[in-house]
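Here's the structure we're looking at; comments come further down.
Protein chains: 2
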Amino acid sequence: MDQKQFCYEYPRPAVSADCVIFGFDEGDLKVLLIERGAEPFRGCWAFPGGFLEMGENADECARRELFEETGIKDVFMEQLYTFSDIGRDPRGRVITVAYYALVKLSEHKLQAGDDANKARWFPVSSVPMLAFDHDRILAAALARLRGKIRYQPLGFELLPEKFTVPELQHLYETVLEKKLDRRNFRRKILATGLLIDRFESVKGVPHRGAGYFSFDRDKYRELSEKGFSFEI
Amino acid sequence: MDQKQFCYEYPRPAVSADCVIFGFDEGDLKVLLIERGAEPFRGCWAFPGGFLEMGENADECARRELFEETGIKDVFMEQLYTFSDIGRDPRGRVITVAYYALVKLSEHKLQAGDDANKARWFPVSSVPMLAFDHDRILAAALARLRGKIRYQPLGFELLPEKFTVPELQHLYETVLEKKLDRRNFRRKILATGLLIDRFESVKGVPHRGAGYFSFDRDKYRELSEKGFSFEI
DNA sequence: ACAAAAGTGTTCTGTCTACACCCATGC
DNA sequence: GCATGGGTGTAGACAGAACACTTTTGT
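Same order as they appear, the protein sequences are chains D and B.
First residue of the first sequence: 4, per this note's numbering; consecutive thereafter.
First residue of the second sequence: 4, per this note's numbering; consecutive thereafter.
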């Protein structure tokens, strides 16, 4: 049977990729949503996404859609889950390969009047009604992020290049929804040897300014090849 | 835009579900493969799977195909990853939602001359050439199993209702590819309180017979709702 | 000088690791 | 009675949790 003879005559579902984009700002974990300009769910908010083209795989599709709809590119992105329930899209049979991405929000501030679509960051604690089954996708993405941030250095993807230990701790506390001990957190995170001291501090605050650090990507890669496992 | 007006006119990929089935027997982790009777890859081995029908979601498709091709049903099954690379199927554009399943192999011995397809268990250490990109799927499934067995009680899905602690330990050693201390393993696994002592022992061995236990599913469910986390 | 958050060290406790001997059984 | 694998306890190392005081800086 060669390529031309392949006839899978059954109706095929349409395939899309959707992307949950997380950011962290002002002490809040946020997601980027797009207001839909067309039916179905016109006026509702939804994750950026769109249909798979024949010349790309799902990863490429997710990145393309993300860029087209928000201008964001070159970020951490990982496949999350494929949602295929009947009726999840009122237009007909559509299955979606969901992704989640982590962006340094400070480097991706949305300009007013950005693009054609209305894109906005929402704190995860107060997202509006979502289109399709995007609430389930969000729940899955949050669960993945919470589960994975503890044993993979995902936190750094959400912070600027330079960050302070208290900022990092705050991020962990927000994502994990639990208070951590300052001293123990600092000791543990510095003990990994993965933070590079920038020997600069926060200025202009009415108290001692926290010191800046950067994440040592190369060292992490090196260590994980040797079987080291990051853990908070 | 109502349902009838939905025309996504672009060509659509075909969508299939494939299932990696793990079993454990004779001290070996095994996978169930089917010998393909049709092109492409006729004569090659592949995971059971097939195309998504319009009246089912991917989970249902995976279970249906598993049952149709092997007679196995009612087993632990979880979505693994969606593979969508161009060219992964020589017949044309096919994306597949991969699953993995864990079966109690002792209860699913294959009868000789089972079904139409030739199905066979292979030790994961010596699988033959696989069709399509099924080698990648297998690698992903193994990685998932190894990662997850440590903090979810997956091991019990691979053993008979009644099993001994040394059997369980052997399973963990096989999957994790590392020796564990007998005393510490027993202490730790019994300390979870999730094993029910059957007060029976292995008979007919030329040494003291190991005691049988069962996994307490109800208690596990109960405990995990309370935030308990299983860990080996 | 005071308010506010950053930074630091020590003790305690519980868990993981390493390890050696006795027990039960079939031949 | 011996070979084989199953079952048990304990001491030392290590890591995580709890906790209070000093430092820096802007007002």
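For every residue, glycine included, the Cβ atom is placed at its ideal position computed from N, Cα and C.
Taking only beta-carbon atoms, is D:Ala122 less than 9 Å away from chain B? Here residue 122 of chain D refers to the residue found at position 119 when the first sequence is read from its first residue. D:Ala122 does not count as touching chain B.
For a cutoff of 9 Å on Cβ pairs, would you count B:Met4 as touching chain D? Numbered from 1 along the second sequence, position 1 holds the residue referred to as residue 4 of chain B. Unreliable positioning characterises B:Met4 in this predicted model, as indicated by a pLDDT of 39, which lies under 50. A coordinate reading is not provided.
Cβ of B:Arg96 within 9 Å of Cβ of B:Ala17? Against the second sequence, residue 96 of chain B aligns to sequence position 93. Against the second sequence, residue 17 of chain B aligns to sequence position 14. Taking 9 Å as the Cβ cut-off, B:Arg96 and B:Ala17 qualify as a contacting pair.
Going by the beta-carbon positions, is the gap between B:Arg153 and B:Glu234 smaller than 9 Å? Working through the second sequence from its first residue, we reach residue 153 of chain B at position 150. Working through the second sequence from its first residue, we reach residue 234 of chain B at position 231. Yes, the Cβ-Cβ distance between B:Arg153 and B:Glu234 is below 9 Å.
Chain-ordered neighbours of B:Glu56 on chain D, where CB pairs are closer than 8 Å: Residue mapping note: residue 56 of chain B aligns to position 53 of the second sequence, counting from 1. Those are Tyr13, listed as they occur along chain D.
I need the boundaries of the beta strand (DSSP E) containing D:Pro126, first residue and last residue. Counting from one through the first sequence, the residue named residue 126 of chain D turns up at place 123. Per DSSP, the continuous beta strand (DSSP E) segment holding D:Pro126 begins and ends at 121-126.
Best match in D:Gly40, D:Ala20, D:Arg185 for proximity to D:Arg2 [C-alpha to C-alpha]: Residue coverage of chain D in this structure runs from 4 to 235, which leaves residue 2 of chain D outside it and unanswerable.
What is the rounded straight-line gap between the Cα of B:Glu42 and the Cα of B:Leu108? One-based indexing of the second sequence puts residue 42 of chain B at position 39. One-based indexing of the second sequence puts residue 108 of chain B at position 105. In this structure, the straight-line span from the alpha carbon of B:Glu42 to that of B:Leu108 is close to 29 Å.
Given a cut-off of 9 Å, decide if D:Pro169 and D:Phe218 are closer than it, judged by their beta-carbon atoms. Taking the first sequence and counting its residues from 1, the one referred to as residue 218 of chain D is at position 215. Taking the first sequence and counting its residues from 1, the one referred to as residue 169 of chain D is at position 166. Contact: no.
Residues of chain D with a CB under 7 Å from the CB of B:Tyr84: which are they? By one-based count along the second sequence, residue 84 of chain B stands at place 81. Per Cβ cutoff of 7 Å: Gln82.
Between B:Arg139 and chain D, is any beta-carbon pair separated by less than 9 Å? Working through the second sequence from its first residue, we reach residue 139 of chain B at position 136. Taking 9 Å as the threshold, the shortest C-beta distance from B:Arg139 to chain D does not fall below it.
Could you tell me which chain B residues have their CB closer than 8 Å to the CB of D:Arg96, listed as they occur along the chain? The residue labelled residue 96 of chain D in the question sits at position 93 within the first sequence. Chain order gives the chain B residues near D:Arg96 as Met57, where near means a beta carbon separation below 8 Å.
Buried or exposed (CB count within 10 angstroms, at least 16 for buried), D:Tyr84: Working through the first sequence from its first residue, we reach residue 84 of chain D at position 81. Classification of D:Tyr84: buried, given that the 10 Å Cβ count is 16 or more.
What residues of chain B sit near D:Asn60, judged by a beta carbon separation below 7 Å? If you number the first sequence from 1, residue 60 of chain D lands on position 57. Those are Ser87, Asp88, Ile89, listed as they occur along chain B.
Check whether D:Gly212 and D:Arg201 have beta carbons under 9 Å apart: The residue given as residue 212 of chain D occupies position 209 in the first sequence. The residue given as residue 201 of chain D occupies position 198 in the first sequence. Not in contact: D:Gly212 and D:Arg201 (Cβ atoms no closer than 9 Å).
Name the DSSP beta bridge partners of B:Val100, please? Taking the second sequence and counting its residues from 1, the one referred to as residue 100 of chain B is at position 97. According to DSSP, B:Val100 bridges with B:Ala20, B:Thr85.
Any chain B beta carbon closer than 9 Å to D:Ala17: By 1-based counting over the first sequence, the position of residue 17 of chain D is 14. By the rule that beta-carbons nearer than 9 Å mark a contact, D:Ala17 touches chain B.
Nearest to B:Cys47 by CA position, among B:Val34, B:Met132, B:Leu183, B:Thr73, is which residue? Taking the first residue of the second sequence as 1, we reach residue 47 of chain B at position 44. Comparing Cα-Cα distances from B:Cys47 to each of B:Val34, B:Met132, B:Leu183, B:Thr73, the minimum goes to B:Met132.
Evaluate the contact criterion for the stretch 219-232 of chain D versus the stretch 190-200 of chain D: three or more CB pairs, one atom per stretch, below 8 Å. Touching, yes.
Output, in chain order, the set of chain D residues within a Cβ distance shorter than 9 Å of B:Val178. The residue given as residue 178 of chain B occupies position 175 in the second sequence. For B:Val178, no chain D residue has a Cβ inside 9 Å of its Cβ, as the nearest lies near 17 Å away.
Chain D beta carbons: is any one of them nearer than 9 Å to that of B:Val23? Stepping through the second sequence from its first residue, residue 23 of chain B is reached at position 20. So no, B:Val23 is outside the interface.
With a threshold of 16 other CB atoms inside 10 Å of the CB of D:Met57, please say whether the residue is buried or exposed. Translated into positions along the first sequence, residue 57 of chain D becomes position 54. D:Met57 comes out exposed.
Please classify D:Tyr103: is it buried, with 16 or more other beta-carbons within 10 angstroms of its beta-carbon, or exposed? To locate residue 103 of chain D, count along the first sequence from 1; it is residue 100. By the neighbour-count criterion, in which a residue is buried when 16 or more other Cβ atoms sit within 10 angstroms of its Cβ, D:Tyr103 is buried.
I want to see whether chain B comes within less than 9 Å of D:Val100, judged by CB atoms only; does it? Here residue 100 of chain D corresponds to residue number 97 of the first sequence, with the count starting at 1. Using a CB distance cut-off of 9 Å, D:Val100 counts as an interface residue toward chain B.
Assigned exposure category for B:Ala142 - 16 Cβ within 10 Å defines buried: In the second sequence, the residue the question calls residue 142 of chain B occupies position 139. Around the beta carbon of B:Ala142, fewer than 16 other beta carbons lie within 10 angstroms, which makes this residue exposed.
From D:Glu203 to D:Pro163, what does the alpha carbon distance come to, in whole angstroms? Against the first sequence, residue 203 of chain D aligns to sequence position 200. Against the first sequence, residue 163 of chain D aligns to sequence position 160. Note on geometry: alpha-carbon atoms of D:Glu203 and D:Pro163 lie some 15 Å from one another.
Which same chain residues, not among the five before or five after B:Ala65, have their C-beta less than 6 Å away from its C-beta? By one-based count along the second sequence, residue 65 of chain B stands at place 62. If the five residues before and after B:Ala65 are omitted, its C-beta is found closer than 6 Å to the C-beta atoms of Ala20, Cys22, Tyr102, all from its own chain and listed in chain order.
Which first and last residues belong to the alpha helix (DSSP H) in which D:Ile140 is found? What you label residue 140 of chain D is simply residue 137 of the first sequence in a count that begins at 1. 137-151 is the span of the alpha helix (DSSP H), which, as asked, contains D:Ile140.
DSSP three-state assignment for B:Ile37, whether helix, strand or coil: Mapped onto the second sequence, residue 37 of chain B falls at position 34. When secondary structure is reduced to three states using DSSP, B:Ile37 falls in the strand class.
What does B:Ala49 pair with, by DSSP beta-bridge criteria? Walking along the second sequence from the start, residue 49 of chain B turns up at place 46. According to DSSP, which records beta bridges pairwise, B:Ala49 is partnered with B:Ile37.
Going by DSSP, name the residue or residues bridged to B:Pro80. Counting from one through the second sequence, the residue named residue 80 of chain B turns up at place 77. Reading off the sequence, residue 80 of chain B comes out as Met, not Pro. Per DSSP, the beta bridge partners of B:Met80 are B:Ala104.
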